[in-house]
Amino acid sequence: MSELTLAQDRTTPQRDATPSELTLERGLAAFRAEVDGPVAAFFSSCVHCGICAQACPFYLETGDPKYTPILKLEPLRRVWENDFTLWGKIKGKLGLQQQVTDEMLTEWEELLYDSCSMCGRCSMVCPVGNDLALMIRKSREGMVQAGHAPEGLIAASVRAIKTGSPMGLQWKTLQVQIEHVQTSSGLRVPVDQEGVEYLVLLSSMEIINFPEYLEAITKIFDHAGVTWTLSTQCFEATNAGIQIGNKDIAAQLVERVVAAAQTLKVPKVISPECGHAFTAIRWEGPNLIGRPYPFRVFHIIEVLDELRASGRIKTEGMETDRLSMHDPCNLARKSGVIDQQRNLMNLVAENFVELKEHGKFQWCCGAGGGVSSNERAEPLKMAAFKRKKAQIEEVNPERMVTMCATCRTQLEEGLEEFNMEIPVVGLTEMIAEHLVEKN
Numbered sequence: 001m002s003e004l005t006l007a008q009d010r011t012t013p014q015r016d017a018t019p020s021e022l023t024l025e026r027g028l029a030a031f032r033a034e035v036d037g038p039v040a041a042f043f044s045s046c047v048h049c050g051i052c053a054q055a056c057p058f059y060l061e062t063g064d065p066k067y068t069p070i071l072k073l074e075p076l077r078r079v080w081e082n083d084f085t086l087w088g089k090i091k092g093k094l095g096l097q098q099q100v101t102d103e104m105l106t107e108w109e110e111l112l113y114d115s116c117s118m119c120g121r122c123s124m125v126c127p128v129g130n131d132l133a134l135m136i137r138k139s140r141e142g143m144v145q146a147g148h149a150p151e152g153l154i155a156a157s158v159r160a161i162k163t164g165s166p167m168g169l170q171w172k173t174l175q176v177q178i179e180h181v182q183t184s185s186g187l188r189v190p191v192d193q194e195g196v197e198y199l200v201l202l203s204s205m206e207i208i209n210f211p212e213y214l215e216a217i218t219k220i221f222d223h224a225g226v227t228w229t230l231s232t233q234c235f236e237a238t239n240a241g242i243q244i245g246n247k248d249i250a251a252q253l254v255e256r257v258v259a260a261a262q263t264l265k266v267p268k269v270i271s272p273e274c275g276h277a278f279t280a281i282r283w284e285g286p287n288l289i290g291r292p293y294p295f296r297v298f299h300i301i302e303v304l305d306e307l308r309a310s311g312r313i314k315t316e317g318m319e320t321d322r323l324s325m326h327d328p329c330n331l332a333r334k335s336g337v338i339d340q341q342r343n344l345m346n347l348v349a350e351n352f353v354e355l356k357e358h359g360k361f362q363w364c365c366g367a368g369g370g371v372s373s374n375e376r377a378e379p380l381k382m383a384a385f386k387r388k389k390a391q392i393e394e395v396n397p398e399r400m401v402t403m404c405a406t407c408r409t410q411l412e413e414g415l416e417e418f419n420m421e422i423p424v425v426g427l428t429e430m431i432a433e434h435l436v437e438k439n
């Protein structure tokens, strides 16, 4: 973990922290720094009803009460009570405080990382409006500083800082894909073009697992007359700092996107089919770097729907098989992008059936929030997927459609795990397949 940028004091120059420097005391200081007005209000107003448990696929599919969302926040709650409440200080005088220890954080590492995708469904159903997902995010800041983060996320964060990609991809890997797309489509993939309308970001998972995405947007943008570019300075949208819980890393990765956008003088940036990448750059980014962007951020689905609405996308033919859709949590529940994907589906699908609970109420696939990068969480990830499996079985589609590379990978792996022969496709690629060909 020595190569992670883990400065506790955000106002001083960053420095590398060696494993010996990642201590309980450092972690407790980080927990304290995360206790702000909203956190204090959330803990004060919690009525211990347990409704959040009924919204968590990790709890519902295991039946283990330790996966109750509010219980996952116990280290942060103890710090709040002990250091910020009158009752906590009285208990301290009487020797009755429950302390946060290294042994406790070792136990809670599984609860805060392996069994939480930060999907936000628990926050949505809380009767007093507590944002539990936000507090999970805050709790991870303390876990990192105390040296209690999963090796998979540590490695992804180190690779992101070193290479720009959590999977260690470099530009030369993307260049090979660009050349393939240009050969296959006969179209040019623009690189480092100044003054165009959009800077397009990609996720490493798309580059490795779904190379057809880049070809799809190349075809769509050519069809619609959109000016766009990739950047050799920064092509990665994924933010490992958000997932592991380290503001310094997260801010550094956001700054790379900002620098690339400013260098190319673009007014708009497109986040790819990756849910957390969108919320990281769109919602958390300006707060992380402490200033507003000189550009606007859109998810690719928002852009495609705008092109549809303005008549710049012309499609022909319809998919006739029975299709259903999985809404990524970060896109639908956290960002309100719900109607756009349905507008696009209506362009190309004549037999589309919704999952019973969809949009902001949909169930998480189980892989977000860094769970997919955490190898030891695999059993829990597949257990949580059973909730999505049940949803899919209810409507019995011939194919599933989604618009997040992590969700798509989890859907493919989960359906295969449970012997359900249902292909999964990306919405962007589906739109590209139905474009009216130019004369």
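Under the UniProt record's numbering, the letters of the sequence shown match residues 1 to 439, in that order.
Yeah, the Cβ is synthetic: ideal placement off N, Cα and C, and Gly gets one too.
Since this is a predicted model, take the numbers as computed values, not measurements.
In the three-state scheme derived from DSSP, where H, G and I count as helix and E and B as strand, W363 is classed as coil.
The C-beta of A377 has 16 or more other C-beta atoms within 10 Å across all chains shown, which makes the residue buried.
Note on R296: under 16 other CB atoms within 10 angstroms of its CB, so exposed under the neighbour-count rule. Boundaries of the alpha helix (DSSP H) harbouring T218: 212-224, taken from the DSSP string.
By the Cβ criterion, the region 211-222 is not in contact with the region 351-365, since fewer than three pairs of Cβ atoms, one from each stretch, lie closer than 8 Å. The residue among A367, D305, A41 with its C-alpha nearest the C-alpha of C56 is A367. Inter-segment contact for the region 116-131 and the region 75-82 is absent: fewer than three beta-carbon pairs are separated by less than 8 Å.
With respect to the C-alpha of L304, the residue from P294, H276, N346, G142 having the closest C-alpha is N346. The beta strand (DSSP E) runs lying completely inside the region 277-302 and spanning 3 residues or more are 296-299, given in chain order.
Sorting K360, A405, G147, K93 by C-alpha distance to the C-alpha of I244 places G147 at the top. If you compare the alpha carbons of Q54, S324, E255, P166 with that of E393, the shortest gap goes to S324. About 18 Å separates the beta carbon of F235 from that of L187, a gap too long to meet the 8 Å contact definition. At a cut-off of 3 residues, the continuous stretches assigned as beta strand (DSSP E) that sit fully inside the region 341-405 are 399-402. For P292, the CB contacts under 8 Å within the same chain, skipping 5 residues up- and downstream, are P286 in chain order. Residues of the same chain with a CB within less than 8 Å of the CB of I431, apart from the 5 flanking positions on each side, are A216, I220, L304, I313, T315, L344, L347, V348 in chain order. Annotation for K162: the continuous alpha helix (DSSP H) segment containing it runs 151-163. In this structure, DSSP gives V39 a helical state, which the three-state scheme calls helix.
The region 300-342 is shown to contain whole alpha helix (DSSP H) runs of 4 or more residues at 300-309, 329-332, in chain order. The C-beta separation of I301 from V337 comes to about 6 Å, placing the pair in contact by the 8 Å criterion. Looking at the DSSP output, E255 bridges to nothing. When the Cα atoms are used, E375 and P150 turn out to be separated by approximately 9 Å. Classified as exposed, G95 has fewer than 16 neighbouring CB atoms from the shown chains inside 10 Å of its CB. Sorting K138, L28, R26 by C-alpha distance to the C-alpha of D36 places K138 at the top.
Here A133 has M118, G120, S123 as same chain residues with Cβ atoms under 6 Å from its own Cβ, once five neighbours each way along the sequence are excluded. Note: L435 is bridge-paired with T315 in the DSSP secondary-structure output.
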